[in-house]
Structures are given as C-alpha cells and as structure tokens.
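The opening position of the sequence shown corresponds to residue 3 in this note's numbering, with each subsequent residue numbered one higher. One structure is given below, encoded as structure tokens.
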Amino acid sequence: MSVRRKRILFVDHVSKVLGGAEVNLLELLAASAASAHWESQVACAPDSPLEIALRSNPASSAIPLHPHQFAPALNELRIVGRGLHLRAKLRGWREVGRSTTRLREILQRIRPDAVISCTNKDHFAAGSAAHALDIPSIWWNNDILSADFFPWPVRAAFSLRARRTATRLAPVSEYCRAALIRAAIPADRCVTVHNGIPLDRYRSPNPPRPAGAEPVFGIAGRITPWKGQRLFLEIAAEWIRRGLPGRFVLLGRAFNEDAPFDASLREFIRTRGLEGRIHFLEFQSNMAAALASMDVLLHCSTRPEPFGRVLIEAMAVGIPVLAARAGGVPEIITDDVDGLLVASGDRNAYLTAMQRLIREPGLIARLVAAAHGTVARRFTADRVAGDFARLVDSVVAFGQH
C-alpha cells in the first residue's frame, strides 16, 4: 500500500534576485529526496528569477506555482542591517496584513500539510496565514536574529510573531539557533538544518592551473559592507605592496542600496593604481566555473556569518578556503583540517595564512581532499531534504503546537 506524499507549500516573495535563500530552495526542490518525500508547491512572485529558474529546470518544472508578492512598500524595504523609519514600518505592516490574506486564500484552496517560508518577510505573512488555518508552519531562517543585523523593534516583533505562529524554526546553523533562543523563542521549537548543495553541480569544470602560475585569490558574495570586500582590498593592497605574486578577484554584485559601497571599492582600486592586479567579476550562473578560476577563496565577513554557503561551494569545487572564525563558519570548517580559520577582521592573520598556502603545496592538497569529504558527508542537498522531511513529519504527526 503506497503512502501519500505530504503536500508542502514553500513561500518566497523575492522578485528581483536569486539570493542565498532562493538558491537553497531551488536546489532543495531539485533534489531527488525532496520529490520522494513531498508533493511540493511554491508561492512566489510571477516572472521572478525564482519562478523562471523553477520553470526552466526539468527537476522542478512540473511543480505547481501560486502568485505571491508584496507591494513595493514592503518588497523594496530591506531590514537586514538597516534602521527603519516609522512611516516605512507602518506601510510594511499594512502590506504584511494584505499578503497574509492572499496567502490564506491560497492555503484554503490547496490545503497543504505544512508551509515552509524562506525569508523574514514571508515568515510574518505565511506564519499568520497558516496559524489561522491550523496548518503547521516552518520558518527556514537564513539570518542571525541579533543586533549585528536587526534593530531592536524588528527583533522584538520577530520573536513575538514566531512564538505565536511558528510551529518550528529551521535556522541554518547552531549559531543562528542560539540567537533565536536568546530572543526568547523556545529551544524545542528551533531545529538546525545546515545548508547543503548538489555535489554533481560543483565538480570543477576547469583543467588544473599550470604549475608556477600566479595565484588567484578571490572573494565571492553579495557586495555589501559586512561581507568584507573592503577588508579583502586592504589585504590585497598590502600583499601587492610586499611584492608578493598574485591577482585578486571580487565575484558578486551589489543591491541598489549598496551601490555607493561598490563605487567606493572601485575608487579604492583606482586611486592606488591596482587595476592590473584586482578585478571585479559579475555573478555567473555557473558558480562552480567561477570559483574554479580561483586558487584560494577568502571569506572576509566582518560580522558573524549565518552559515557561509560559498564555503561549501568552494570546498566541493576543490579550492582551499581561508575564512573568518565567526558565526556558523566553524560548524563547517575545522581549522587546519579542511580549511584555515583566522580571527574576523585580522588583516595580518589573513596575510600570514595566504603565504602559508602558496608556500606549502602539500597543505593545499591535504585541505582540499579533506574538504571534499566534509561536504560529501555533511552538506548535500539530499541531506537537507532528509532533515526537512523529518521536521515536517514531526509537526504533522504531533499537531501544530
């Protein structure tokens, strides 16, 4: 006798970009383990990069989609690392209410067994809609609920709404989970689900670089102050000043509000005459190829990292990682085993570790081999699907609260 697959509605409103939350969702839905466990449906913005990617991938093209988006008053309001004016807060709250009503109509029509929301704004709307219909709600948390990223009113509102409407919260690291617990969210409702990737998409497509070639050091991620691109440039400038060989690549793009920061980085390079040694590279659909063009990935975040998806991507591709020892990063990398860790913001520590990497080729081979094993054992998309399957089964079996 066959067992009915549970119907899951994933909710993600993002309309203009494919951020980390959206890439995580795409890869989860494409995993064979996900289709084995669930009948998935997605509420997302029409004609968004997420919808286009879902439609274009044979593994997800048949998934039913439902229109879900916020009005510009909320859609364009970014709250991570931003202060909020009272008028923006009021407009945002009104739009959350309207979106909650629209999502409730979707839920009444399809009657899912559970709802999984993927962004902070979606947590508020989807959580309330699901709660009103007594449908379990899981909040997939990709951010750290701390003063580093959110003003106090946002943290307080998040905690209150989570306690009232979230059946479970699924933070992407134990570090994120600890922040939720400090915010008075019950520990038994916070279940860590580390990110994972489909390994077959991250096999290095590039041939090995010629022996003796000038090393390429890279940083990858959204261009924004806390991701540490300014620190990366300071490290690069000092490396070059010392007469050491190497080129430097910044892979990523800035959202609109970070355009001035992006411009300041380019001005830093121009005024120091470093254009021949430091280059910008736009995000590419083939991240494996972009990462494989580097010899070392530097992770330079100056605030604690919620997880560090780019780290497991680089580890899977086969390049050594040098990362800041903060946030969820130590849950991925064991120092001097499958990567190197340094104190966040310590420019001299980065420089020392970089010199060690280029002077000890045996070290690189050892780190890369161990990193492959770490990702294969602990950070696959199928493992993420299994974690969520157990989480969904637990909330459906025992009721919403």
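Beta carbons are placed, not taken as given, at the ideal position from N, Cα and C, and that holds for glycine.
Proximity winner among G388, E29, A23 and A399, relative to Y204 (alpha-carbon distances): Residue numbering aside, residue 204 sits at position 202 when the sequence shown is read from its first letter. Cα-wise, what sits closest to Y204 is E29.
Measuring CB atoms only, is the region 165-182 touching the region 144-153, in the sense that at least three cross pairs come out at less than 8 Å? Because the criterion of three Cβ pairs below 8 Å is met, the region 165-182 and the region 144-153 touch.
L86 versus A367 - alpha carbon distance: Locating residue 86 in the sequence shown gives position 84, where the first residue counts as 1. Locating residue 367 in the sequence shown gives position 365, where the first residue counts as 1. The pLDDT assigned to L86 is 49, lower than 50, so where the model puts this residue is not dependable, and the model offers no usable value.
Rounded to the nearest angstrom, what separates E97 and A73 at their Cα positions? Here residue 97 is taken as the residue at index 95 of the sequence shown, counted from 1. Here residue 73 is taken as the residue at index 71 of the sequence shown, counted from 1. Rounded to the nearest angstrom, the two C-alpha atoms are 7 Å apart.
Distance, Cα to Cα, P114 vs I199? For the purposes of this step, residue 114 is identified with residue 112 of the sequence shown, where counting begins at 1. For the purposes of this step, residue 199 is identified with residue 197 of the sequence shown, where counting begins at 1. For P114 and I199, the distance between alpha carbons rounds to 26 Å.
Sequence-distant residues of its chain with Cβ nearer than 7 Å to L233 (five each side left out): In the sequence shown, counting from the first residue as 1, residue 233 sits at position 231. Same-chain partners within the cutoff: C302, T304, G347 and R349.
Nearest-angstrom Cα distance between V19 and I242? For the purposes of this step, residue 19 is taken as the residue at position 17 of the sequence shown. For the purposes of this step, residue 242 is taken as the residue at position 240 of the sequence shown. Each residue's Cα considered, the two are about 34 Å apart.
Distance check for A239 and S406, CA to CA, integer angstroms please. Nothing in the structure corresponds to residue 406, since the chain is present only between 3 and 403.
So L31 and L109 are supposed to be a Cβ contact under 8 Å. How far apart are they, rounded? Here residue 31 is taken as the residue at index 29 of the sequence shown, counted from 1. Here residue 109 is taken as the residue at index 107 of the sequence shown, counted from 1. 19 Å between Cβ atoms; not a contact.
Going by the CB atoms, is the gap between L56 and D14 shorter than 8 Å? Here residue 14 refers to the residue found at position 12 of the sequence shown. Here residue 56 refers to the residue found at position 54 of the sequence shown. Cβ atoms of D14 and L56: not closer than 8 Å.
If you draw a straight line from the C-alpha of L405 to the C-alpha of D150, how long is it? Outside the modelled stretch of the chain, which goes from 3 to 403, sits residue 405, for which no answer is possible.
According to DSSP, simplified to helix, strand and coil, what is N350? On the sequence shown, position 348 is the one that residue 350 refers to. It is helical.
Counted within 10 angstroms of its Cβ, other Cβ atoms place E24 as buried (16 or more) or exposed: Numbered from 1 along the sequence shown, position 22 holds the residue referred to as residue 24. Classification of E24: buried, given that the 10 Å Cβ count is 16 or more.
Does the beta-carbon distance from G330 to V174 come in below 8 Å? For the purposes of this step, residue 330 is identified with residue 328 of the sequence shown, where counting begins at 1. For the purposes of this step, residue 174 is identified with residue 172 of the sequence shown, where counting begins at 1. In contact: G330 and V174 (Cβ atoms closer than 8 Å).
Taking buried to mean at least 16 other C-beta atoms within 10 Å of its own C-beta, is G375 buried or exposed? The residue given as residue 375 occupies position 373 in the sequence shown. Burial call: exposed.
For G83, which residues of its own chain have a beta-carbon under 7 Å away from its beta-carbon, when the five flanking residues on both sides are left out? Here the question's residue 83 lines up with position 81 in the sequence shown. Low confidence applies to G83: its pLDDT is 47, below 50, so where it sits in the model is not reliable, and the reading given next is rough at best. Excluding positions up to five away in sequence, the list reads F151 and W228.
Alpha helix (DSSP H) containing L252: first to last residue? For this step, residue 252 is matched to residue 250 along the sequence shown. Looking at the DSSP string, L252 is not in any alpha helix (DSSP H); the run it does join, the beta strand (DSSP E), is R249 to L253.
Where do the ends of the alpha helix (DSSP H) carrying W241 lie? In the sequence shown, residue 241 corresponds to position 239, counting from 1. From DSSP, the alpha helix (DSSP H) with W241 extends over Q231 to R243.
On the CB-based measure, 16 or more other CB atoms within 10 Å of its CB, does D297 come out buried or exposed? Translated into positions along the sequence shown, residue 297 becomes position 295. With 16 or more Cβ atoms within 10 Å of its Cβ, D297 is classed as buried.
For L324, write down the residues that DSSP places opposite it in a beta bridge. In the sequence shown, counting from the first residue as 1, residue 324 sits at position 322. L300 and L342.
Helix, strand or coil: which one does DSSP assign to H281? Against the sequence shown, residue 281 aligns to sequence position 279. Three-state DSSP puts H281 in a strand.
Where does L88 land, buried or exposed, given buried means 16+ other C-beta within 10 angstroms? Taking the sequence shown and counting its residues from 1, one reaches residue 88 at position 86. With a pLDDT of 47 at L88, under the threshold of 50, the modelled position of that residue is not reliable, and the figure given next carries that caveat. Exposed: under 16 other Cβ atoms inside 10 Å.
Count the other C-beta atoms from every protein chain shown that fall within 10 angstroms of the C-beta of V117, then say buried if there are 16 or more, exposed otherwise. Locating residue 117 in the sequence shown gives position 115, where the first residue counts as 1. V117 is buried by the Cβ-count criterion.
Confirm, please, whether the CB-CB distance from A215 to I187 is below 8 Å. Walking along the sequence shown from the start, residue 187 turns up at place 185. Walking along the sequence shown from the start, residue 215 turns up at place 213. In this structure, I187 lies away from A215, with their beta-carbon atoms at least 8 Å apart.
Runs of beta strand (DSSP E) lying entirely within the region 100-155, each at least 3 residues, in chain order: 116-119 and 139-143
Which two residues bound the contiguous beta strand (DSSP E) that contains G375? Along the sequence shown, read from residue 1 onward, the residue named residue 375 stands at position 373. G375 -> not in any beta strand (DSSP E); alpha helix (DSSP H) instead, spanning P363 to R380.
Helix or strand or just coil, what does DSSP make of G220? Sequence index remark: in the sequence shown, residue 220 carries index 218 (1-based). Strand at G220.
Proximity winner among R268, P217, R104 and S58, relative to H70 (alpha-carbon distances): In the sequence shown, counting from the first residue as 1, residue 70 sits at position 68. Selected option, being the one with the closest Cα: R104.
Could you give the residue range of the beta strand (DSSP E) that holds A45? By 1-based counting over the sequence shown, the position of residue 45 is 43. DSSP places A45 in the uninterrupted beta strand (DSSP E) bounded by W40 to C46.
The region 371-391 in contact with the region 353-362 per 3-pair CB rule at 8 Å: no
Of all the options A291, R327, A294 and V193, which has the alpha carbon lying nearest to the alpha carbon of E307? Here residue 307 refers to the residue found at position 305 when the sequence shown is read from its first residue. Among A291, R327, A294 and V193, the Cα nearest to that of E307 belongs to R327.
At what residues does the beta strand (DSSP E) containing F12 begin and finish? As a first step, residue 12 must be located in the sequence shown, where it is residue number 10. K8 to D14 is the span of the beta strand (DSSP E), which, as asked, contains F12.
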